[in-house]
């Protein structure tokens, strides 16, 4: 990443100085965790600075909240994914539980899959994850999501297509 020109540096400094505390509080209130909020504030400013068009930001708080909200949704989805994986592991007998290294690799793979599924409608993501993570049948997924079995088949096919296209 190249350095910002002096004007952009001033704009970045002002954006941070004027809104950092507000953004941190807003995220802390939404997440209920100061550590996660601090991480997302950092990620938000990194994302904003990467776009480099700081002079075009006319409503800074609205802009920061929009960027932070998207990052927060991704963060919460990843936490849900991790929680589902850990709950699945907890149901396994101790002799079948994977090693800590295998757990870490599996979580990393799940997060990569989650990234591949990013942008899909929530029902499509959920159907795919229920099938792949929890091993539910199409009928069980349809009952949970209150949709037809045909819709579940379409959702899973769509998610698989997206994974294959983005992984290629």
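Residue numbers (the UniProt record's numbering): 1 to 168.
Ideal Cβ positions, reconstructed from N, Cα and C, are used throughout, including at glycine.
Query: Cβ neighbour criterion (16 or more within 10 Å) applied to residue 73; Result: exposed
Query: Complete runs of the alpha helix (DSSP H) confined to the segment 34-83 [at least 4 residues]; Result: 34-51
Query: Chain C contact for residue 153 (CB, 8 angstroms cutoff); Result: In the structure shown, chain C cannot be found, because there is only a single protein chain.
Query: Counted within 10 angstroms of its Cβ, other Cβ atoms place residue 102 as buried (16 or more) or exposed; Result: exposed
Query: Collapsed DSSP secondary structure at residue 147 in the structure displayed; Result: coil
Query: Residue span of the alpha helix (DSSP H) that contains residue 91, given as start and end; Result: Note, residue 91: premise wrong, no alpha helix (DSSP H); not H, not E.
Query: Under the three-state DSSP convention, the category residue 159 falls into; Result: helix
Query: Rounded distance between the beta-carbons of residue 23 and residue 41, thought under 8 angstroms; Result: 5 angstroms
Query: At least three beta-carbon pairs within less than 8 angstroms, the segment 151-166 to the segment 122-136; Result: yes
Query: Given residue 67 as reference, the closest of 33, 150, 46, 161 once Cα atoms are compared; Result: 46
Query: Rounded distance between the beta-carbons of residue 107 and residue 85, thought under 8 angstroms; Result: 6 angstroms
Query: Same chain, Cβ closer than 7 angstroms to residue 176, five either side skipped, listed in chain order; Result: Residue 176 lies beyond the residue range present for the chain, which begins at 1 and ends at 168; the question has no answer from this structure.
Query: CA nearest to the CA of residue 110, picked from 145, 69, 81; Result: 81
Query: Alpha-carbon to alpha-carbon, residue 70 and residue 137; Result: 31 angstroms
Query: Under the three-state DSSP convention, the category residue 15 falls into; Result: helix
Query: Environment of residue 44 [buried if 16+ CB atoms lie within 10 Å]; Result: buried
Query: Backbone secondary structure at residue 95 - three-state DSSP; Result: helix
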